[in-house]
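*Asks:* For reference, the structure I am asking about is given below.
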Amino acid sequence: MNILTFDIEEWFHILDNASTRTEADWGQYETRIHQNMDLIFQLLDETNSRATFFCLGWVADKHPDIIRRIDAAGYEVATHSYAHQLAYEQTPTEFQADLERSIKHLQDLTGKKIRAYRAPGFSIKEYNRWVFPILVEQGIEVDCSVFSARRAHGGDASLGMFEPGYLDVGGTLLKEFPINTAAVLGQDLIFSGGGYFRVLPYTAIQGLMRRSDYVMTYFHPRDFDAQQPMIPGLSRARQFKSYYGLRGCWPKLKRLLTEFPFVDLAEADRQVDWTRVMKKKVL
């Protein structure tokens, strides 16, 4: 099962960086999301692909035409928070207000229930699993935030989830579609989205795809924008991770979509035999 998803945010929504930290900082940057969304829509049209879009409530607020266009094309709309903040830097009250605001904006625009959520930066760790009961309280049925490996902005390796399963949230079952990894030389390698996908050569990704029964992708509009300016304040390592491979990402993903079958999250949900999946207690 290969799942195609996009996180819909602006090119300047870079986490954990002083010049892009809050909504107040974002006004200094130009808007590039429309031209980058055009590339995504073109890609999906040319490959006849379905995808789920995890959208910021901020994008829905500032650019409602984008959300309407996604919905009108028949693609699934999910939430990626409102203001793209790291979940573990928020209090439970702040997180709930942000989530509620995002869901309201997206549901008002689409007229459809928002069922799925992905945390910015996969920013759920062992110590902020209090996120999950808030998701359940807000009507979220499917989460795509678990990253069972170490990473800069999140990751909860102790959950050990690498394929669809249930999170037992105080007796309520929340469906989880985690990020997948592949074991390479004893290390868990991520290859299916963002900077990981851009850095790896296509032949490596192709080989890892062939040996994987479950793949969860995640891409951003900025991943296809080779002309975007350099964000100030990034370290050299962050510059590399954020800008390397931008020019080749669109053709690389197009090739992937023509060589491997993909479904959106809703179809993946229908294909999973939920009577047979693992259950992980989180609270």
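Converting from the sequence shown to our numbering requires adding 42 to each position, the first position being numbered 1. Every residue, glycine too, gets a C-beta built ideally from N, C-alpha and C. None of these values were measured; they are calculated from a predicted model.
So, helix, strand or coil for M272, using DSSP?
*Replies:* The count along the sequence shown starts at 1 and reaches residue 272 at position 230. DSSP places M272 in coil when its eight states are reduced to three.
*Asks:* Per the DSSP calculation, M258 is bridged to which residue(s)?
*Replies:* Reading the sequence shown from its first residue, position 216 is the one you call residue 258. DSSP output for M258 lists I45 as bridge partner(s).
*Asks:* If distances are taken between C-alpha atoms only, which option among L216, I176, N170, P206 comes closest to D198?
*Replies:* The sequence position of residue 198 within the sequence shown is 156, counting from 1. The shortest Cα separation from D198 among L216, I176, N170, P206 belongs to N170.
*Asks:* Would you call the region 69-87 and the region 126-140 in contact, with 3 or more CB pairs under 8 angstroms?
*Replies:* With the cut-off at 8 angstroms, the region 69-87 and the region 126-140 do not touch.
*Asks:* Please name the residue, chosen from F239, L57, A225, T73, that lies closest to L298 on a Cα-to-Cα basis.
*Replies:* Within the sequence shown, the letter at position 256 stands for residue 298. Measuring from the Cα of L298, the nearest candidate turns out to be F239.
*Asks:* By Cβ distance below 7 angstroms, which residues in the same chain neighbour V319 in space, the five residues on each side in sequence not counted?
*Replies:* Counted from its first residue, the sequence shown places residue 319 at position 277. P206, G207, Y208, listed in sequence order.
*Asks:* Using a 10 Å radius around the Cβ and a threshold of 16 neighbouring Cβ atoms, would you call R234 buried or exposed?
*Replies:* Counting from 1 along the sequence shown, the entry for residue 234 is found at position 192. For clarity, residue 234 is Ser in the given sequence; the question names Arg instead. So S234 ends up on the buried side.
*Asks:* For the beta strand (DSSP E) that contains G237, what are its first and last residues?
*Replies:* Locating residue 237 in the sequence shown gives position 195, counting from the first residue. Where G237 is concerned, there is no enclosing beta strand (DSSP E), although the alpha helix (DSSP H) it sits in stretches over 236-241.
*Asks:* For I109 versus T47, is the C-beta spacing smaller than 8 angstroms?
*Replies:* Residue mapping note: residue 109 aligns to position 67 of the sequence shown, counting from 1. Residue mapping note: residue 47 aligns to position 5 of the sequence shown, counting from 1. Going by C-beta atoms, I109 is not nearer than 8 angstroms to T47.
*Asks:* Could you give the distance in angstroms between the alpha-carbon of Q281 and the alpha-carbon of G213?
*Replies:* To locate residue 281, count along the sequence shown from 1; it is residue 239. To locate residue 213, count along the sequence shown from 1; it is residue 171. Distance between the alpha carbons of Q281 and G213 is about 43 angstroms.
*Asks:* What is the DSSP secondary structure of V314, counted as helix, strand or coil?
*Replies:* Translated into the one-based positions of the sequence shown, residue 314 becomes position 272. V314 falls in the coil class under three-state DSSP.
*Asks:* Is the CB-CB distance between H122 and D58 below 8 angstroms?
*Replies:* By 1-based counting over the sequence shown, the position of residue 122 is 80. By 1-based counting over the sequence shown, the position of residue 58 is 16. Contact: no.
*Asks:* Just checking my contact of I45 with A310 at CB under 8 angstroms: how many whole Å lie between their CB atoms?
*Replies:* Within the sequence shown, residue 45 is the residue found at index 3, counting from 1. Within the sequence shown, residue 310 is the residue found at index 268, counting from 1. Indeed, because the Cβ distance is near 5 angstroms, the residues count as touching under 8 angstroms.
*Asks:* For the alpha helix (DSSP H) holding Y285, just list the boundary residues, first then last.
*Replies:* For this step, residue 285 is matched to residue 243 along the sequence shown. Y285 -> alpha helix (DSSP H) spans 278-285.
*Asks:* What is the DSSP secondary structure of C291, reduced to helix, strand or coil?
*Replies:* The sequence position of residue 291 within the sequence shown is 249, counting from 1. Here C291 sits in helix by DSSP.
*Asks:* Between G237, L242, P106, L227, which lies nearest to G163 when the distance is taken from Cα to Cα?
*Replies:* For this step, residue 163 is matched to residue 121 along the sequence shown. When only C-alpha atoms are compared, the closest one is G237.
*Asks:* Tell me L177's beta-bridge partners as DSSP assigns them.
*Replies:* Counted from its first residue, the sequence shown places residue 177 at position 135. Looking at the DSSP assignment, L177 forms no beta bridge with any residue, so it has no partner.
*Asks:* Applying the criterion that 16 or more other CB atoms from any shown protein chain within 10 Å of the CB defines a buried residue, is S277 buried or exposed?
*Replies:* The count along the sequence shown starts at 1 and reaches residue 277 at position 235. S277 comes out exposed.
*Asks:* By how many angstroms is the C-alpha of T94 removed from the C-alpha of G202?
*Replies:* Along the sequence shown, one-based indexing puts residue 202 at 160. Along the sequence shown, one-based indexing puts residue 94 at 52. Their backbone Cα atoms lie some 24 angstroms apart in a straight line.
*Asks:* In chain order, what residues of the same chain lie with their CB nearer than 7 angstroms to the CB of K294, ignoring the 5 residues before and after it?
*Replies:* Counting from one through the sequence shown, the residue named residue 294 turns up at place 252. Same-chain partners within the cutoff: Y244.
*Asks:* DSSP state of L81, grouped into three classes?
*Replies:* Here residue 81 corresponds to residue number 39 of the sequence shown, with the count starting at 1. Note: L81 maps to helix in three-state DSSP.
*Asks:* In chain order, what residues of the same chain have a beta carbon less than 6 angstroms from the beta carbon of Y130, not counting five sequence neighbours either side?
*Replies:* For the purposes of this step, residue 130 is taken as residue 88 along the sequence shown, with counting starting at 1. So the qualifying residues of the chain are S165, K167, N170.
*Asks:* Which whole runs of the alpha helix (DSSP H) in the region 140-228 are 4 residues long or more, in chain order?
*Replies:* Taking only runs of at least 4 residues, the alpha helix (DSSP H) segments lying wholly in the region 140-228 are 173-179.
*Asks:* Is the CB-CB distance between K217 and E179 below 8 angstroms?
*Replies:* Position 175 of the sequence shown holds residue 217. Position 137 of the sequence shown holds residue 179. In this structure, E179 does not lie closer than 8 angstroms to K217 by Cβ.
*Asks:* From I221 to V188, what distance separates their C-alpha atoms?
*Replies:* What you label residue 221 is simply residue 179 of the sequence shown in a count that begins at 1. What you label residue 188 is simply residue 146 of the sequence shown in a count that begins at 1. Between I221 and V188, the C-alpha separation is close to 6 angstroms.
*Asks:* Among residues of its own chain, excluding the 5 on either side of A102, which ones have a beta-carbon nearer than 7 angstroms to its beta-carbon?
*Replies:* The sequence position of residue 102 within the sequence shown is 60, counting from 1. I109, H147, L148, L151, listed in sequence order.
*Asks:* If V119 and I156 are in contact, beta carbons under 8 angstroms, what's the gap, nearest whole angstrom?
*Replies:* Working through the sequence shown from its first residue, we reach residue 119 at position 77. Working through the sequence shown from its first residue, we reach residue 156 at position 114. With 8 angstroms as the limit, V119 and I156 qualify as a contact, their Cβ atoms being about 7 angstroms apart.
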